[in-house]
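In this note's numbering, each residue carries its 1-based index in the sequence shown increased by 25.
Okay, structure first, notes after.
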Amino acid sequence: MLTSNFSGFSLEAGTDEAGRGCLSGPVVAAAVILPKDFTHPFLNDSKQLSEKKRDELRPFIEENAIAFGVSFVWQEEVDIINVLQASITGMHRSIEMLKTQPEYIIVDGNKFRDYKDIPHKTIVKGDAKYLSIAAASVLAKTYRDAYMAKIHQEFPMYNWQKNKGYPTKEHRNAIREFGATNYHRKTFKLLPEQIKLDL
Numbered sequence: 026m027l028t029s030n031f032s033g034f035s036l037e038a039g040t041d042e043a044g045r046g047c048l049s050g051p052v053v054a055a056a057v058i059l060p061k062d063f064t065h066p067f068l069n070d071s072k073q074l075s076e077k078k079r080d081e082l083r084p085f086i087e088e089n090a091i092a093f094g095v096s097f098v099w100q101e102e103v104d105i106i107n108v109l110q111a112s113i114t115g116m117h118r119s120i121e122m123l124k125t126q127p128e129y130i131i132v133d134g135n136k137f138r139d140y141k142d143i144p145h146k147t148i149v150k151g152d153a154k155y156l157s158i159a160a161a162s163v164l165a166k167t168y169r170d171a172y173m174a175k176i177h178q179e180f181p182m183y184n185w186q187k188n189k190g191y192p193t194k195e196h197r198n199a200i201r202e203f204g205a206t207n208y209h210r211k212t213f214k215l216l217p218e219q220i221k222l223d224l
């Protein structure tokens, strides 16, 4: 059973990201403020849910949240600032998008930078503990997956519709055969044997 609140503040935002470990596409972050009485029978860490359940949850979260924001940090920026900074930057941007400013921020994971003067707490596996972080994880994942399915149409040989840009054997074999695209992260080790790819 997930907990509804960590801090005691009613305007507590949960934030999380998706796509850190991918070889291609953006890091997507979300922030969500939920009402105190928010419940849903199967809301959990997005990684524990089927794609169908995540897709069902997304409109429910958006309709019932006090506020939510979703931001994309594109692969070019990930290459410039590194993936950890991209995750934190994405979370900051999604908090910035909230139409109601939070009084407190809870963050999935153990790394964050101060956002304005709003107090925060990092929580390892927070997406499996707190409803607002779980909701943010669902939004980040569904928005990212939808984007990867869209660019799959342009480059079907990588099967991003299925692997979402993660380093599956199939994805790496396609990189081996067809090379890298402008959606691939140039600073990531795209192939295990990679010394230098012609990018």
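We treat Cβ as the ideally placed atom computed from N, Cα and C, and that holds for glycine.
Nearest CA to the CA of residue i: which residue from the options?
i, options, result
"Trp99", "Gly151, Arg45, Gln126", "Arg45"
"Phe180", "Tyr208, Asn135, Thr167", "Tyr208"
"Asp32", "Met182, Lys146, Lys175", "It should be noted that the sequence gives Ser, not Asp, for residue 32. Ranking Met182, Lys146, Lys175 by Cα distance to Ser32 puts Lys146 first."
"Glu202", "Thr212, Lys78, Leu216, Ala55", "Leu216"
"Val52", "Asp70, His117, Arg83, Ser29", "His117"
"Pro84", "Phe97, Ser96, Leu68, Lys72", "Leu68"
"Lys141", "Gln126, Ala92, Val132, Lys154", "Gln126"
"Ala55", "Met173, Tyr168, Ala161, Ala205", "Ala161"
"Ala43", "Phe97, Glu101, Asp139", "Phe97"
"Ser35", "Lys61, Val57, Gly50", "Lys61"
"Asn107", "Cys47, Asn30, Gln178", "Cys47"
For residue i, write down the residues that DSSP places opposite it in a beta bridge.
i, result
"Thr40", "Ala56, Val132"
"Gly115", "Looking at the DSSP assignment, Gly115 forms no beta bridge with any residue, so it has no partner."
"Thr28", "Tyr155"
"Ser35", "Note: Ser35 sits in no beta bridge, so no partner."
Against chain B, does residue i count as a neighbour if the rule is that its beta carbon must be under 9 Å from one of theirs?
i, result
"Gly151", "Within the model displayed, chain B is absent; a lone protein chain is all it includes."
Do residue i and residue j have their CB atoms nearer than 9 Å?
i, j, result
"Asp41", "Ala171", "no"
"Ile143", "Ile158", "no"
"Gly94", "Glu128", "no"
"Asp133", "Lys211", "no"
"Leu156", "Phe63", "yes"
"Lys150", "Thr28", "no"
"Lys136", "Leu109", "yes"
Could you tell me whether any non-hydrogen atom of the ligand PLP is closer than 8 Å to the CB of residue i?
i, result
"Glu128", "No copy of the ligand PLP appears in this structure; indeed no ligand is present at all."
Within the region 134–191, ranges of the beta strand (DSSP E) (whole runs, at least 3 residues)
The qualifying runs are 145–148.
For the structure I just gave you, are there three or more beta carbon pairs, one from the region 186–199 and one from the region 75–92, closer than 8 Å?
Proximity of the region 186–199 to the region 75–92 falls short of the contact definition, fewer than three beta-carbon pairs being nearer than 8 Å.
Is the region 70–82 in contact with the region 107–116, if contact means three or more CB pairs nearer than 8 Å?
Touching, no, given that fewer than three Cβ pairs across the two stretches are closer than 8 Å.
Enumerated in chain order, which unbroken segments of the beta strand (DSSP E) with a length of 3 residues or greater are wholly contained in the region 69–101?
Restricting attention to beta strand (DSSP E) runs no shorter than 3 residues, the region 69–101 encloses them at 92–98, ordered along the chain.
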